[in-house]
DNA sequence: GCGCAGGTAGAGT
DNA sequence: ACTCTACCTGCG
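Residue numbers (the working numbering): 2 to 279.
Encoded structure:
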């Protein structure tokens, strides 16, 4: 077990930020995370965090996964103090970090996310993992399922993942798996590409448009200039940035700002409303 | 019953 | 280049 005092880190906020669909609150400040074929339990009370793994695995994997090498206060300090909206949003979601997740896992996750709701996205991914992911055992002796490799999905019929509740997105995922296995899409090459090249390459995949490509670039490749524009972001842009988002000022950190805005649009409004009602 | 939920491809102007 | 629409599914 590793214990650390951490600033600008909230498991609760990261769980709800919607960048990872296999991260769950287990109650009483406890959380579980599955990334690829790894499993981790975390306990957080304020800044104090316990990671239930050995030091080697923490240093070798989870430290990078949670982007602990980056000081997020620097991103928050970039924010224009005269921008009351972004200041409020970043204050509300200041524990969010941009995770460094697996490329293939993010491709599948965000193919599934389109025109879909968070509850069903999670269910879809759980179904796929349980059916096609390798069975593993955690330290407690409980069974969990790794995220299936492309090879495990490439042989399926295009409609076969409808059984996992993917709906019309089934063929997107199966075709992406075939493309990765055949080498038509070179995942290792994409990992080394610039943002522009990676985005362009990802958009060659059937079912990957601009928004999904940007999510993959941000959450897997850590291209922080990616600014995924979904319905919530469009709403916020219309309400607060009629003259366009200040990309110049936030160059290279737009993705971080996107997360603060997205999280605030989803959860900040009701929070504010509750405060006003009291 | 109908519109919408982290959009996109394909067809039509 | 831009606008329009169908698309799985389940929930309010």
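Beta carbons: idealized from backbone N, C-alpha and C, even for Gly.
query, result
"Under the three-state DSSP convention, the category residue 75 falls into", "helix"
"Cutoff 7 angstroms; reference residue 1; Cβ partners in own chain excluding five residues on either side", "Residue 1 lies beyond the range of the chain shown here (2 to 279); nothing can be said about it."
"Residue 149 versus residue 82 - alpha carbon distance", "45 angstroms"
"Secondary structure of residue 58, DSSP reduced to three states", "helix"
"Beta-bridge partners of residue 51, as assigned by DSSP", "4, 44"
"Alpha-carbon spacing of residue 98 relative to residue 73, whole angstroms", "7 angstroms"
"Residue 28 (DSSP reduced to helix, strand or coil)", "strand"
"Cut-off 7 angstroms between Cβ atoms - residues of its own chain near residue 234, not counting five sequence neighbours on either side", "259, 262, 263"
"Residue 77 versus 87, 196, 70, residue with shortest Cα-Cα distance", "87"
"C-alpha distance - residue 162 paired with residue 206, whole-angstrom precision", "17 angstroms"
"beta-carbon residue 270 near the ligand ATP non-hydrogen atom, thresh 7 angstroms", "For the ligand ATP, the structure offers nothing, since it holds no ligand at all."
"Sub-8 angstroms separation of residue 112 and residue 177 beta-carbons", "yes"
"Identity of the residues DSSP links to residue 129 by a beta bridge", "None, per the DSSP bridge assignment."
"Alpha carbon of residue 8 to alpha carbon of residue 196, nearest angstrom", "28 angstroms"
"N-terminal and C-terminal residue of the beta strand (DSSP E) that residue 145 is part of", "144–146"
"Residues that residue 137 bridges to, as DSSP identifies them", "145"
"Terminal residues of the alpha helix (DSSP H) in which residue 263 lies", "255–264"
"DSSP three-state assignment for residue 209, whether helix, strand or coil", "coil"
"Cβ shell of residue 188 (< 7 angstroms), same chain only, five flanking positions each side left out", "104, 105, 181"
"For residue 80, the three-state DSSP class (helix, strand or coil)", "coil"
"Residue 59 to residue 67 span [Cα, whole Å]", "10 angstroms"
"Extent of the continuous alpha helix (DSSP H) to which residue 186 belongs", "Where residue 186 is concerned, there is no enclosing alpha helix (DSSP H), given that its DSSP letter is neither H nor E."
"Option nearest residue 30 by Cα separation, candidates 12, 53, 37", "12"
"Status (buried if at least 16 other CB within 10 Å, exposed otherwise) for residue 28", "exposed"
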